[in-house]
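Here's the structure, in structure tokens; my notes come after.
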Amino acid sequence: MSAVNERIEMVYQSAHWQAQGVLIQACEECWSADQIAQAAREWHRTRELLALSKRWREKVRPAGFR
């Protein structure tokens with residue numbers, strides 16, 4: 055896997071953690087339903103991006119490294 059793709063995966067992981075933190079904060083602080091829904095959508099989107107990145111990594115990893 056290229057260094058660029060590794061960095062991109064790290065960016066997605068970081069974004070996912072940050073979105074999770076926002077969602078937790080939104081729930082704990084009783085933000086409006088619309089704000090909680092927005093935070094949940096963003097968390098879900100970042101989770102999907104991270105999952106796609108990981109699936110791609112598995113596809114391109116050399117056979118000897120699986």
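Per my numbering, the very first residue in the sequence shown carries number 55; after that it's consecutive. Here a beta-carbon is modelled for each residue, glycine too, at the ideal position from N, C-alpha and C.
- [ ] Would you grab the beta carbon distance between A80 and T100 for me? Rounded to a whole angstrom, and I think it's under 8 Å.
- [x] Distance from A80 to T100 at the Cβ level is roughly 15 Å; contact not present, criterion being Cβ atoms closer than 8 Å.
Task: E96 in three-state terms, based on DSSP - done: It is helical.
TODO: Within 10 angstroms of the Cβ of A105, are there 16 or more other Cβ atoms? Answer buried if so, exposed if not.
DONE: By the neighbour-count definition (other C-beta atoms within 10 Å, threshold 16), A105 is an exposed residue.
Open item on the list: On the DSSP letters alone, give me the boundaries of the alpha helix (DSSP H) that W71 sits inside.
Closed with: Segment A57 to E82, the alpha helix (DSSP H) holding W71.
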